[in-house]
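Chemist:
Residue numbers (our numbering), protein chains in the order written: chain X, 4 to 481; chain D, 686 to 1000.
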């Protein structure tokens, strides 16, 4: 009833082929939603939201003085990915992470890719995420990016693209797990009818990934999650993951370097720490190596790391592969390191530091999206078609001043998914961030965080910009 | 376990117990007033006095009217020991150690906090008595959830020590209220009015029925004996000390009667003093003086627990 008049419009829709025609894998869900009144749906939406508040699945908003916690807006109509699509995505993501990891090893090692002329040296050294102190380091088992969140989008024709890679401290995995928990109580019947792949083993896989980094001779290695503290926007996630893994959640002040090891302060004295899943940025990790003003990190931890006496995940320095300019080179990396063609394509990207590209970008600012190379969270962006002439001129100046810092991409028409907006169901733009773990093998959690732009017509899905989330159902082939 | 985590679980429990006791104080006074003969002045100041924060109260509120005192002790976000503040801090502590406590405990603290916060936003249309009993029950619920869902590990023992020390302190302060509540004249000692106040006092410690089973008659000495020295009643000071001591020795692994750190020594010393003291000796020393010393000793134990377990300084 509600979804019968749902209009997918001139977009790729995640649940509908066209008006009145659900995608086959979405059929049981659409039928279920149609059997409910809009009031019932709204009620379920409310109780889902309430459940998340009770669970404390909140994030902190820096600018929001009054009560710094909010529940991430959550939409109860899930997004569905077919098993067929998923199998392809999974292969593509594994390939990508493999290549990125090879790149990181190479770039902090022999730098063959630079010597062979595929990536200009300047680009590497001018990247904010590139850390000179990490040159020559070899993390355990040669793995740098243990946890990655890769942002995927679909264009109008349904084609998937990688929008960006997040290799520093990608957030959101906890929402995947909590959203699923809430959805199971919201649509229990549908779960019985559809072969939805479970996401719950993420924490177990994460723990295995981290344990894999511990020195092999230790019987019972101590793993911790390092958080900047309760006021960090992702604190809920830090504590949730620590809890799900059954490991300590520590702050910088709980740790100290003593006797050449990283140790934590316990009620019974100091205790050695072997693996740190750190959720603070490289810059803040060690005031003696990086930012001297950091109060969040642990003085001397890098020296302990250098000696192989503690493992850090992700390894410091992975941020260089996060750089949006470096991103443009991933297809080349895949070819170079793996001898394969990239499976999931990049969005076509113009590099403003290349004169030809820059000229094109400046001439087409009204059609392109311009992004700062080192920003995240939807900051430092110009969405050309929606911008004012002044905003475009402002960006043009910035690009001319520091071309290295900007890339531009054509505006994609992100796919949409039916979303409950007030007392109506409307199509809203979505993206998808699956979580990939690199331990003994590469593991991709089946699903990921679907972020949805809740402002009507908006393309920006970031939680810091008013976005919400949906549960992502990967429907296996039954 | 991490010192910071132990510290937070300890305070999480103290704050919840503190909120519960504030609710007890206020509620019993409300009831007492309803029973007092006409003409007996309302006495709200003693309540503030027992918190030790009378000066702060006077600065911000002036006269100790029922409204002022209730607002101060219950809803004042700036007063760190109000029910609202206690819940805020309990929740902050719980939030900082969510990974170490059960999710049921977190949900209970969070619910409790949301309930109090909601009440504070509409104090005027609040049924106070109902609210205070909700606070008490929520605190019990928290303790129950903690007992039933958290492993009785080190963290749990620190939590119990926190709760027991806070409770011992508050029972001492409840008893002390009687010292400050003035009878209209000396002749009223031993009259129904006096007895009424002792009954109120027992009730604020939820001890009225249990007391009756044990002593039948209400006499000041027996009430003091019951609330200070009874070894079976869960809100008596000696009971709390015994429980706290048991947990402390579970943590350290040393047996009771010996000590390896200042916290064990201070707690063991106070507990054994109560083992052998009689109510007559307490009366001789003066109840108020005795309670005052006891509160000081409890503060000292709290400090030593912090120094021994929470404040590890690494040079």
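Idealized CB from N, CA, C, for every residue including glycine.
Quick one: complete beta strand (DSSP E) runs, 3+ long, within the segment 379-415 of chain X?
Modeler: Within the segment 379-415 of chain X, the complete beta strand (DSSP E) runs of at least 3 residues are 384-386, 409-413.
Chemist: Contact between the segment 826-834 of chain D and the segment 906-919 of chain D is defined here as three or more beta-carbon pairs at a separation below 8 angstroms; is this criterion met?
Modeler: As far as the Cβ criterion goes, the segment 826-834 of chain D does not touch the segment 906-919 of chain D, which means the pair count is below three.
Chemist: What are the residues of the segment 213-234 of chain X that lie near chain D, defined by any Cβ-Cβ distance shorter than 7 angstroms?
Modeler: Answer in chain order: 233.
Chemist: Name the DSSP bridge partner or partners of residue 251 (chain X)?
Modeler: Taking the first residue of the first chain as 1, we reach residue 251 (chain X) at position 248. According to DSSP, residue 251 (chain X) bridges with X:227.
Chemist: Could you check what DSSP says for residue 157 (chain X) in three-state terms: helix, strand or coil?
Modeler: For the purposes of this step, residue 157 (chain X) is taken as the residue at position 154 of the first chain. DSSP places residue 157 (chain X) in strand when its eight states are reduced to three.
Chemist: Can you tell me the Cα-Cα spacing of residue 214 (chain X) and residue 854 (chain D), whole angstroms?
Modeler: Along the first chain, read from residue 1 onward, the residue named residue 214 (chain X) stands at position 211. Along the second chain, read from residue 1 onward, the residue named residue 854 (chain D) stands at position 169. Cα to Cα, residue 214 (chain X) sits roughly 45 angstroms from residue 854 (chain D).
Chemist: Helix, strand or coil, according to DSSP, for residue 202 (chain X) in the structure here?
Modeler: Start at 1 with the first residue of the first chain, and residue 202 (chain X) comes out as number 199. Looking at residue 202 (chain X) - three-state DSSP - the assignment turns out to be coil, as it is neither helix nor strand.
Chemist: Under 7 angstroms Cβ-Cβ, which residues of chain D neighbour residue 501 (chain X)?
Modeler: Coverage of chain X is limited to positions 4 through 481, which leaves residue 501 (chain X) absent and any answer about it impossible.
Chemist: Going by DSSP in three states, residue 634 (chain D) sits in which element: helix, strand or coil?
Modeler: Summary: the structure shown does not reach residue 634 (chain D), with chain D confined to residues 686 through 1000, and so no result is reported for it.
Chemist: Shortest alpha-carbon distance to residue 363 (chain X) belongs to which of X:284, X:127, X:268, X:411?
Modeler: Along the first chain, one-based indexing puts residue 363 (chain X) at 360. Ranking X:284, X:127, X:268, X:411 by Cα distance to residue 363 (chain X) puts X:411 first.
Chemist: As an exercise, report each continuous beta strand (DSSP E) stretch of at least 3 residues that is fully enclosed by the segment 319-378 of chain X, in chain order.
Modeler: Listed in chain order, the complete beta strand (DSSP E) runs (minimum 3 residues) inside the segment 319-378 of chain X are 371-375.
Chemist: Are the C-beta of residue 59 (chain X) and some C-beta of chain D separated by less than 8 angstroms?
Modeler: Counted from its first residue, the first chain places residue 59 (chain X) at position 56. It does; some Cβ of chain D falls within 8 angstroms.
Chemist: If you follow the alpha helix (DSSP H) that residue 716 (chain D) is in, where does it begin and where does it stop?
Modeler: For this step, residue 716 (chain D) is matched to residue 31 along the second chain. Where residue 716 (chain D) is concerned, the enclosing alpha helix (DSSP H) stretches over 688-720.
Chemist: Is the CB-CB distance between residue 244 (chain X) and residue 314 (chain X) below 8 angstroms?
Modeler: Stepping through the first chain from its first residue, residue 244 (chain X) is reached at position 241. Stepping through the first chain from its first residue, residue 314 (chain X) is reached at position 311. It is not a contact, given that the beta carbons lie outside the stated cut-off.
Chemist: How close, in whole Å, do the beta carbons of residue 1079 (chain D) and residue 781 (chain D) come, if the pair is a contact with beta carbons under 8 angstroms?
Modeler: What the structure shows of chain D is the stretch from 686 to 1000, and residue 1079 (chain D) is not part of that stretch, so it cannot be assessed.
Chemist: For residue 791 (chain D), return the contacting residues in chain X, with the cut-off set at a CB-CB distance below 7 angstroms.
Modeler: Here residue 791 (chain D) corresponds to residue number 106 of the second chain, with the count starting at 1. Going along chain X in sequence order, the residues near residue 791 (chain D) (Cβ under 7 angstroms) are 59.
Chemist: Taking the straight line between their C-alpha atoms, what separation do you get for residue 296 (chain X) and residue 136 (chain X)?
Modeler: Here residue 296 (chain X) refers to the residue found at position 293 when the first chain is read from its first residue. Here residue 136 (chain X) refers to the residue found at position 133 when the first chain is read from its first residue. Looking at the two C-alpha atoms, the distance is approximately 18 angstroms.
Chemist: Where does the unbroken alpha helix (DSSP H) through residue 959 (chain D) begin, and where does it stop?
Modeler: Along the second chain, read from residue 1 onward, the residue named residue 959 (chain D) stands at position 274. Here the alpha helix (DSSP H) through residue 959 (chain D) covers 947-961.
Chemist: Residues of chain X with CB closer than 7 angstroms to the CB of residue 775 (chain D), please, in chain order.
Modeler: For the purposes of this step, residue 775 (chain D) is taken as the residue at position 90 of the second chain. Neighbours of residue 775 (chain D) on chain X: none; closest Cβ ~14 angstroms, over 7 angstroms.
Chemist: Beta strand (DSSP E) containing residue 195 (chain X): first to last residue?
Modeler: Mapped onto the first chain, residue 195 (chain X) falls at position 192. Note, residue 195 (chain X): premise wrong, no beta strand (DSSP E); alpha helix (DSSP H) at 191-196.
Chemist: Measuring straight from C-alpha to C-alpha, what distance separates residue 163 (chain X) and residue 446 (chain X)?
Modeler: Walking along the first chain from the start, residue 163 (chain X) turns up at place 160. Walking along the first chain from the start, residue 446 (chain X) turns up at place 443. Going by the C-alpha atoms only, they are around 20 angstroms apart.
Chemist: Can you list the residues of chain X that residue 688 (chain D) reaches, using a CB-CB cut of under 8 angstroms?
Modeler: As a position in the second chain, residue 688 (chain D) is number 3, starting the count at 1. Correct list: 257, 268, 269, 270.
Chemist: List the endpoints of the continuous alpha helix (DSSP H) containing residue 848 (chain D).
Modeler: If you number the second chain from 1, residue 848 (chain D) lands on position 163. Per DSSP, residue 848 (chain D) belongs to the alpha helix (DSSP H) from 839-865.
Chemist: Taking C-beta pairs closer than 7 angstroms, name the residues in chain X that residue 839 (chain D) reaches, listed in chain order.
Modeler: As a working note, residue 839 (chain D) is residue 154 in the second chain. Those within 7 angstroms of residue 839 (chain D) in chain X are 270.
Chemist: For residue 343 (chain X), does the count of other Cβ atoms within 10 angstroms reach 16, so buried, or fall short, so exposed?
Modeler: The residue you call residue 343 (chain X) lines up with position 340 of the first chain. With fewer than 16 Cβ atoms within 10 Å of its Cβ, residue 343 (chain X) is classed as exposed.
Chemist: Run through the DSSP bridge pairs and tell me what residue 163 (chain X) is partnered with.
Modeler: Counted from its first residue, the first chain places residue 163 (chain X) at position 160. The partner list for residue 163 (chain X) (beta bridge, DSSP) reads X:157.
Chemist: Determine contact between the segment 351-361 of chain X and the segment 96-114 of chain X, defined as no fewer than three beta-carbon pairs at a distance below 8 angstroms.
Modeler: At 8 angstroms Cβ cutoff, the stretches do not touch.
Chemist: Compare the C-alpha of residue 160 (chain X) against each of X:365, X:415, X:441, X:111 and name the closest.
Modeler: On the first chain, position 157 is the one that residue 160 (chain X) refers to. It is X:415.
Chemist: List the residues of chain D whose Cβ lies closer than 7 angstroms to the Cβ of residue 242 (chain X), in chain order.
Modeler: Here the question's residue 242 (chain X) lines up with position 239 in the first chain. Near residue 242 (chain X) (Cβ distances below 7 angstroms), the residues of chain D are 783, 784.
Chemist: Any beta-carbon of chain D closer than 8 angstroms to the one on residue 181 (chain X)?
Modeler: In the first chain, counting from the first residue as 1, residue 181 (chain X) sits at position 178. So, not an interface residue.
Chemist: Where in the segment 17-49 of chain X do unbroken runs of the beta strand (DSSP E), each at least 3 residues long, occur, reported from the N-terminal end onward?
Modeler: Listed in chain order, the complete beta strand (DSSP E) runs (minimum 3 residues) inside the segment 17-49 of chain X are 19-21.
Chemist: So residue 934 (chain D) is in the alpha helix (DSSP H); what residue range does that whole segment cover?
Modeler: Within the second chain, numbered from 1, the residue matching residue 934 (chain D) stands at position 249. 922-937 is the extent of the alpha helix (DSSP H) around residue 934 (chain D).
Chemist: For residue 928 (chain D) and residue 849 (chain D), I'd like the C-alpha separation in whole angstroms.
Modeler: In the second chain, counting from the first residue as 1, residue 928 (chain D) sits at position 243. In the second chain, counting from the first residue as 1, residue 849 (chain D) sits at position 164. Distance between the alpha carbons of residue 928 (chain D) and residue 849 (chain D) is about 7 angstroms.
Chemist: Quick one: any contact between the segment 259-268 of chain X and the segment 984-1000 of chain D, if contact means 3 or more CB pairs under 8 angstroms?
Modeler: Cβ pair count under 8 angstroms is three or more, so yes.
Chemist: Going by the beta-carbon positions, is the gap between residue 981 (chain D) and residue 862 (chain D) smaller than 8 angstroms?
Modeler: Residue 981 (chain D) sits at position 296 when you count from the first residue of the second chain. Residue 862 (chain D) sits at position 177 when you count from the first residue of the second chain. No, these two residues do not count as a Cβ contact at 8 angstroms.
Chemist: DSSP beta-bridge partners for residue 261 (chain X)?
Modeler: For this step, residue 261 (chain X) is matched to residue 258 along the first chain. Residue 261 (chain X) is bridged to X:264.
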